[in-house]
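Student: Got a structure for you, written out below as structure tokens; questions coming shortly.
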């Protein structure tokens, strides 16, 4: 059974930053870690790198509904694995003494009820408020933000998201629950390759290039949080994606490249 921090002590004393690296595959994330090409996140990852986990959903909308109810990716090994957050319901087998349990339907709403300012900075289309579907997940938060520059076509999307996140953190004095859905690794990720290396379609190489871009772009957020308050970071993928394995491409399919995701959590700040 995985060990978790005592979330009953974390809630109320720490800011919480939850980052989903949309569509990031575990194997690519771990290979980049092993090669030393993620210097920003590497400083906070354990010596063995990313934890290998299974996502509860094969695409963004399904995975995030589960996440916000407390069902973060599950360690990819047998056993009952305790959760950081849970929403109260009868028969839960993974709620332990260290789990922060809320009566509200999501831990986002539960944190708001405990005096947190909850902020959503969206990325992929399920956070685009131009459609009714794109407003469902952001509606869980007290404030939400999205623009085309934060979306999958934005060449500087993570920088735009991080800049806004730092601005909002600087403007607030209360505890904050900040959520970022990072869109850069989602297709079309070939825009993050150098022009001479860019192919006509996305590839594992462009997937890795997008992750390296995201790693560098996250640095100001980590620095801001470390100066502002003690902060728990939760960083994971919502799902992976196939690049031709067994004839599959994309996600929303039951393939190991989709279900297996990287995960980590760590603390920064005073």
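Residue numbers (our numbering): 91 to 360. Just so it is clear, CB atoms sit at the ideal spot from N, CA and C, and this is done for glycine as well.
So, under 8 Å CB-CB, residue 110 and residue 271 are touching, yes? Tell me the CB distance rounded to an integer number of Å.
Tutor: Sure, about 5 Å apart at Cβ, within 8 Å.
Student: Along the chain, where does the beta strand (DSSP E) containing residue 143 start, and where does it finish?
Tutor: 141–144
Student: Where do the ends of the alpha helix (DSSP H) carrying residue 154 lie?
Tutor: 150–158
Student: Between residue 325 and residue 354, which are expected to be in contact by the criterion C-beta below 8 Å, what is the C-beta distance as a whole number of angstroms?
Tutor: Contact between residue 325 and residue 354 holds: their C-beta atoms lie close to 5 Å from each other, under 8 Å.
Student: Can you tell me whether residue 241 is buried or exposed, with buried defined as 16 or more other CB within 10 angstroms of its CB?
Tutor: Label assigned to residue 241: buried.
Student: Hey, out of 308, 150, 100 and 334, whose CA is closest to residue 218's CA?
Tutor: 150
Student: Taking the runs of the beta strand (DSSP E) that are 3 residues or longer, which of them lie wholly in the segment 283–333?
Tutor: 321–326
Student: So is residue 278 buried or exposed if we call it buried at 16+ other beta carbons inside 10 Å?
Tutor: exposed
Student: Give a yes or no on whether the C-beta atoms belonging to residue 176 and residue 185 are separated by under 9 Å.
Tutor: yes
Student: Just how far apart, CA to CA, sit residue 245 and residue 164?
Tutor: 32 Å
Student: Out of 346, 243 and 122, which one is the CA nearest neighbour of residue 335?
Tutor: 346
Student: Tell me where the alpha helix (DSSP H) around residue 346 begins and ends.
Tutor: Residue 346 -> alpha helix (DSSP H) spans 346–349.
Student: Does the separation of the CB atoms of residue 127 and residue 328 fall below 9 Å?
Tutor: no
Student: Applying the 10 Å Cβ sphere with the 16-neighbour rule, what's the burial state of residue 192?
Tutor: That one is buried.
Student: Assign residue 221 to one of two classes, buried (16 or more other C-beta atoms within 10 Å of its C-beta) or exposed (fewer than that).
Tutor: exposed
Student: How many Å lie between residue 96 and residue 159 at the Cα?
Tutor: 18 Å
Student: Determine the DSSP secondary structure at residue 162, reduced to helix, strand or coil.
Tutor: In the displayed model, residue 162 falls within coil according to three-state DSSP, outside both helix and strand.
Student: Looking only at its chain, what residues have a beta carbon closer than 6 Å to the beta carbon of residue 269, apart from the 5 residues adjacent to it on each side?
Tutor: 108 and 210
Student: Along the beta strand (DSSP E) that carries residue 176, what are the first and last residues, could you check?
Tutor: 175–177
Student: Output yes or no for whether 9 Å exceeds the beta carbon distance between residue 237 and residue 250.
Tutor: yes
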